[in-house]
Amino acid sequence: MDIASPRKPLIAANWKMFKTPAEACAYADALLPLVAGHVRDEIAVCPTFLALASFAESVKGSNVLAGAQDMHPEKEGAYTGEISAPMLKAVGVTHVILGHSERRHYNHESDWDVNRKLLAALKQGMTPIVCIGEVQEEREEGRTNDVLLRQLKIGLDGIRPEDAGPIVIAYEPIWAIGSGQSASPGIAEETHAFIRDAVRERLGDAVADGMRILYGGSVKPSNTAFLLAQPEIDGALVGGASLDPHSFADIVKY
Ligand code: 13P
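Heads up, the sequence shown is in our numbering, so the first residue is 20 and it goes up one at a time.
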């Protein structure tokens with residue numbers, strides 16, 4: 020990302036369905052000294068719901084923030100198995116991933132579901148990380164931009180520019196997730212620029228220029244610097260390589 024950029028990079032770990040509460044605390048104990056004093060980037064770690072409270076407690080007062088991997092749009096109610104934003108906030112959670120491709124795929128989350136969650140997260144003062152991205156076939160057929168535009172159009176529906184400041188977008192090409200092969204810095208940069216233009220058209224210059232657009236998909240210590248050297252890439256959402264605190268710390272300190 021550009022040194023002159025006003026956007027503070029965000030490096031976020033998405034643990035997916037890994038680690039018990041005890042393992043999450045051990046991770047926090049290992050990570051904190053490795054990134055102590057690191058202020059260049061915002062650092063967030065997103066454990067499972069079960070491990071969130073103990074992880075948030077372990078990193079309290081440090082430069083590592085706790086995030087959730089999802090949330091329900093309602094504050095409370097008869098929604099078996101769900102967790103709401105006020106519940107997350109009550110245990111010190113500040114960030115929340117919304118619309119991850121795995122939730123869209125396995126849990127059939129729609130763009131409208133993501134939109135409802137985004138509106139709720141903003142209302143609750145959380146930092147939402149909204150995931151968008153295309154599958155391999157869509158890229159090969161030249162439909163990437165159409166897919167991203169649809170995800171953004173619906174995902175950002177009803178968002179007012181004055182409320183959009185906290186929104187983070189994560190571009191995660193689905194073909195790169197868990198593949199070991201990230202998008203090339205060139206492809207990622209070009210796609211991020213397209214996303215920022217689309218945000219500009221909907222929400223104006225100030226929002227677009229301030230919005231952090233993260234890249235996700237096989238980010239690892241060896242490719243982070245190449246990806247984050249791109250002016251349009253404002254951080255990373257890291258899956259597999261975030262599970263080891265040393266590897267994640269290397270990514271944070273790229
Ligand atoms: P990997 O880093 O394991 O490819 O996962 C990316 C991802 O889905 C992060 O949300």
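Built from N, CA and C at the ideal position, the CB exists for glycine as well.
What ranges does the beta strand (DSSP E) occupy inside the segment 87-168, keeping only unbroken runs of at least 3 residues that lie completely in it? 114-117 and 146-151
I believe V166 touches E157 by the beta-carbon criterion, under 8 Å. Please report the beta-carbon distance rounded to the nearest angstrom. 5 Å
Quick one: what does DSSP say A41 is sitting in, helix, strand or coil? helix
Judging by CA-CA distance, which residue of I188, G174, N126 and G161 is the nearest neighbour of T146? I188
Whole angstroms is fine: what's the gap from W131's alpha carbon to E121's? 16 Å
Which residues have a Cβ closer than 6 Å to any heavy atom of ligand 1, listed in chain order? N33, H119, E191, I196, G197, G235, G236, S237, V238, L256, V257, G258, G259 and A260
If A207 sits next to I252, beta carbons under 8 Å apart, how far is it from one beta carbon to the other, in whole angstroms? 6 Å
How would you label A195, buried or exposed, when you count the other beta carbons within 10 angstroms and need 16 or more for buried? buried
Does Y234 come out as helix, strand or coil in the three-state DSSP assignment? strand
I'd like the list of long-range same chain contacts for Y273, defined as Cβ closer than 8 Å, with 5 residues on each side in sequence excluded. P240, T243, A244 and L247
Run of the alpha helix (DSSP H) containing L29, from where it starts to where it stops: Run containing L29: none in the alpha helix (DSSP H); it sits in the beta strand (DSSP E), L29 to N33.
Quickly, what does DSSP pair G254 with across the bridge? List them, please. L29
DSSP puts A189 in a beta bridge; with which residues? C150 and L233
What are the residues that DSSP puts in a beta bridge with V83? I62
Top-ranked residue by Cα proximity to K94, from K108, S81, N82 and V83: K108
State yes or no: is the C-beta of S261 within less than 8 Å of the C-beta of N33? yes
Between the CA atoms of G80 and V58 - distance to the nearest angstrom: 14 Å
C-alpha distance - L51 paired with L69, whole-angstrom precision: 21 Å
Anyone know if the C-beta pair for G118 and G174 falls short of 8 Å? yes
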